[in-house]
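Q:
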Amino acid sequence: MESVNKNEKLLEVKGLRTSFFTEGGEVKAVDDVNFNVYRGKTLGIVGESGCGKSVTSLSIMRLIPNPPGRTVGGEILYKGRDLLKLSDSEMRKIRGDEISMIFQEPMTSLNPVFTVGNQIMEAVMLHQNLSRKDARNKAIEQLQLVGIPSPEKRVDDYPHQLSGGMRQRVMIAMALSCHPQILIADEPTTALDVTIQAQILDLLRHLQEKFGMALILITHDLGVIAEMADEVAVMYAGRVVEQARVGEIFANPKMPYTRGLLNSIPVLTKDPTGKVKKKRLETIPGIVPNMLELPVGCRFQERCTYVIDACKEREPDLRVIAQDPILPHSIRCGRDI
Amino acid sequence: MFVYIARRLLHAIPTIFGIALIIFVLFNLVGGDPTLQMLGKHANAKQITELRHEYGFDQPMYVQFFEYLKQILTFDFGRSYATKQPITQMIMNGIGPSLTLAIPAFFFTTVLSVSIGLLVAYYRGRWIDRLMVIMCVFGMSLSSLAYILFGQYFLAYKLGWFPIAGFETEWPDRFAYVAMPIIIWVVLSLGHDVRFYRTALLEEINQDYVRTARAKGLGESKVLFVHVLKNGMVPILTNVVIEIPMLILGSFLLEGFFGIPGLGGMTLDAIHNSDFPVIKAMTTVEALLYIFGNLATDVLYSLVDPRVSLK
């Protein structure tokens, strides 16, 4: 067993820019995003709908629908090779084999007219040159691995015969069938019941430990981040606005947007008499800016309670505010608060 | 499934009875007296009475209807007024030439239009898609007669690539005569079919499972021809299967213009000659084939889509 060097950079995303060219103009859905993914660790990417987190993950997989979308700049270095420079066929060898992805919608992400076994077999036959029989055994093995009961029967089921949680397990089984180095999970639990969410997250963590793979976990749920992530990138309007190790983010959030996100988690506390205190939930005022008409200066200015005139003149750069050997705490905010 | 098919066939019995009733009413009550047309303007009363007796028109209506039902059950539709031949024999003779034209035409139409539909759905919004849509609309807008005249005048008469019209029973000469009608059939059908399949497949091509298939590392051809196409089979079958039994009936227009002795041309002639028994027989056969086509479509749905279960 090779020793797992926890500080080995598997994936470096540098200056990634992905735009959608619409009739209204160019929408810079991902605009100069940088982060690293380390072997065996979990990077959480968090943000509201439309902040560019899914587009970031699809850009890594090179699955941005073109037209209208296109990755227009930056580098995605996987083990030193720039994925953006690979040919389509080279990229296909990486997809599903070395980098896999699971999606938010387990109900629609599986093909309804093929058995789940068939869909898993397809991946292993493609990447591992297994015979049909071996591939079938592998599929059963994978279903067992993700905790599907009586996998030798389920392997012949169609997706509509399984529940949402079971389907997401099938998606995970499929994504992990070739033992990828990196698994990208795009809101893997959003569409599931709360109890099932916890099961799926447990499963992901367990499998991550077992195979030593890196995980890019995309979510809008800070609870999931707290439980799963080692490093966190907070995204807003196509930009990374705060980045730090997970403990630092929760202990010491510096960007007003991150604070807003943390404040909008419901907290139940009990007063000394044991009665549950109900605290009014805070929200971040306003809505995400129109990506076609971004304001001059900081993109968060219209919703920020700390805004000063300087915020409206120039957009702050991402700056380091606390050193750290793995991931320095950095924020895209001009103020010290 | 066999139980399902058996039950559907049982259900077909009252349907066929209803169809028979409607056809009977249309032909025997609304259609007028065929003997008057057969004998012309100068017929005298005696001739009319004799002919009416010969064909059984002097019988009470329920007896005539019963006779018609018997014809359907025994598949013996009597004799043509015009040719005096047994109609069943005429139908049997016509099926061969009709299918010689219809089967290849249908095959090429389906393969071509599904492939082109898939291609343009894949390249939606790009120049090839726009070009194809324009060509489809153009093709649909031209009268079918324009294609026939163009083919017969330029390709056959001027260039001599094909015979202008006619038919040859012997193989493989038969192909020479049906080649141009087949091409015209395919071209005539493409406009509508490509647009239909494009719409149906566009719906599928944007589904999440397509993204999953790509995320697995599958190549585009596998994504399209395995994942998208199998999901697109339901609309494709809807369009295709119902047509298959109808192929036997042939094409009125093409058989008529190209002198192919199939059922389409035969029906057209029968209409021109007010050959009621032939028209009635063909209408009945068409209705029966339609019922069969519907049943076949439903059964095939369950084969391509596991979510459809036949109960």
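Those protein sequences? They're chains A and B, same order as listed.
Reminder that position 71 of the first sequence reads as 71 in my numbering, one-by-one numbering, no gaps.
Reminder that position 225 of the second sequence reads as 225 in my numbering, one-by-one numbering, no gaps.
Idealized CB from N, CA, C, for every residue including glycine.
As the structure is a computational prediction, the values presented were derived from the model and not from experiment.
#1: Tell me which same chain residues have a C-beta within less than 6 angstroms of the C-beta of Ser54 (chain A), skipping the five on either side of it?
#2: Residues in its own chain within less than 8 angstroms of Ala82 (chain B) by CB, not counting five upstream and five downstream?
#3: Cutting at 6 angstroms between CB atoms, please list the residues of its own chain near Leu295 (chain B), excluding the five before and the five after it.
#4: Show which residues of chain B have a CB atom less than 8 angstroms away from the CB atom of Ala123 (chain A).
#5: In the segment 94–107 of chain A, which residues sit with their C-beta less than 8 angstroms from some C-beta in chain B, listed in chain order?
#6: If we define contact as Cβ-Cβ less than 8 angstroms, is His329 (chain A) a contact residue for chain B?
#7: Helix, strand or coil for Gln144 (chain A), going by three-state DSSP, please let me know.
#8: Where DSSP assigns a beta bridge to Gln37 (chain B), which residues make up the other side?
#9: In three-state terms, what does DSSP make of Thr74 (chain B)?
#10: Please tell me whether Val55 (chain A) has its Cβ less than 8 angstroms away from any Cβ of chain B.
#11: At a Cβ cut of 7 angstroms, what residues of the segment 152–171 of chain A count as close to chain B, listed as they run along the chain?
#12: What's the C-alpha gap between Arg154 (chain A) and Gln144 (chain A)?
#13: Looking at chain A, which residues of the segment 114–144 of chain B have a Cβ within less than 7 angstroms of any of its Cβ atoms?
#14: Using C-beta distances below 6 angstroms, list every residue in its chain close to Gln71 (chain B), excluding the 5 sequence neighbours before and after it, in chain order.
#15: List, in chain order, every chain B residue whose beta-carbon is nearer than 7 angstroms to that of Arg92 (chain A).
#16: Using a Cβ cut-off of 7 angstroms, which residues of the segment 191–212 of chain B contact any Cβ in chain A, in chain order?
#17: Starting from the C-beta of Pro261 (chain B), find all residues in its chain whose C-beta is less than 7 angstroms away, skip the five residues before and the five after it, and write them out in chain order.
#18: By Cβ distance below 7 angstroms, which residues in the same chain neighbour Pro163 (chain B) in space, the five residues on each side in sequence not counted?
#19: What does the alpha-carbon distance come out to for the pair Met1 (chain A) and Ser309 (chain B)?
#20: For the beta strand (DSSP E) containing Leu176 (chain A), list its first residue and its last residue.
#21: At the level of alpha carbons, what is the spacing between Thr297 (chain B) and His206 (chain A)?
#22: What number of angstroms, rounded off, separates the C-alpha of Val4 (chain A) from the C-alpha of Gly212 (chain A)?
#23: Measuring only between beta-carbons, confirm whether Val304 (chain B) sits less than 8 angstroms from chain A.
#24: DSSP three-state label for Ala322 (chain A), please.
#25: What residues of chain C sit near Pro67 (chain A), judged by a beta carbon separation below 8 angstroms?
#26: Starting from Leu86 (chain A), find everything on chain B with Cβ-Cβ shorter than 9 angstroms and list it in chain order.
#27: Could you pull out every residue in the same chain whose Cβ sits closer than 7 angstroms to the Cβ of Val223 (chain B), ignoring the five residues on either side in sequence?
#28: Could you confirm whether any beta carbon from chain A is found closer than 8 angstroms to the beta carbon of Lys311 (chain B)?
#29: Quick one: what's got a C-beta closer than 7 angstroms to His160 (chain A)'s C-beta in the same chain, skipping five residues either side?
A: Judging by the given coordinates:
#1: Asp186, listed in sequence order.
#2: Beyond the five residues adjoining it in sequence on each side, Ala82 (chain B) comes within less than 8 angstroms, by CB distance, of Asp269, Ala270, Asn273, Asp275, Val278 in the same chain, given in chain order.
#3: So the list reads Arg8, once near-sequence residues are dropped.
#4: The answer, in chain order, is Lys216, Gly217.
#5: Closer than 8 angstroms at the C-beta level to chain B, one finds these residues of the segment 94–107 of chain A: Ile94, Arg95, Gly96, Asp97, Ser100, Met101, Phe103, Glu105.
#6: Taking CB atoms only, His329 (chain A) has no neighbour in chain B less than 8 angstroms away.
#7: If DSSP states are grouped into helix, strand and coil, Gln144 (chain A) belongs with the helices.
#8: For Gln37 (chain B), no pairing in a beta bridge is given by DSSP.
#9: Looking at Thr74 (chain B) - three-state DSSP - the assignment turns out to be helix.
#10: No, Val55 (chain A) does not count as interfacial toward chain B.
#11: Hits within the stretch, in order: Tyr158, His160.
#12: So the alpha carbons of these two residues sit roughly 10 angstroms apart.
#13: Per Cβ criterion, the list reads Gly125.
#14: Same-chain partners within the cutoff: Phe77.
#15: Simply Gly217, Gly219.
#16: Under the 7 angstroms Cβ criterion, the segment 191–212 of chain B contributes Gln207, Asp208, Tyr209, Arg211, Thr212.
#17: Excluding positions up to five away in sequence, the list reads Gly94, Pro97, Phe167.
#18: For Pro163 (chain B), the CB contacts under 7 angstroms within the same chain, skipping 5 residues up- and downstream, are Ala156, Ala176, Tyr177 in chain order.
#19: Below a pLDDT of 50, predicted positions are generally treated as unreliable, and Met1 (chain A), at 39, falls in that range; the measurement from the model is reported next regardless. Straight-line Cα distance between these residues: approximately 49 angstroms.
#20: First-last for Leu176 (chain A): undefined, no H or E at that position.
#21: As the crow flies, the alpha-carbon of Thr297 (chain B) is around 47 angstroms from that of His206 (chain A).
#22: Low confidence applies here, because Val4 (chain A) scores a pLDDT of 49, under 50, leaving its location unreliable and the question unanswered by this model.
#23: Val304 (chain B) has a beta carbon lying within less than 8 angstroms of a beta carbon in chain A.
#24: Collapsing the DSSP output to three states places Ala322 (chain A) in a strand.
#25: In the structure shown, chain C does not exist; the protein chains are A and B.
#26: The contact set of Leu86 (chain A) on chain B, defined by CB atoms closer than 9 angstroms, is empty, because the minimum CB distance reaches about 12 angstroms.
#27: Counting only Cβ-Cβ distances below 7 angstroms, and skipping sequence neighbours, we find Val210, Ala213, Arg214.
#28: No, no contact with chain A.
#29: Excluding five sequence positions before and after His160 (chain A), the CB atoms of its chain that fall closer than 7 angstroms to its own CB belong to Pro112, given in chain order.
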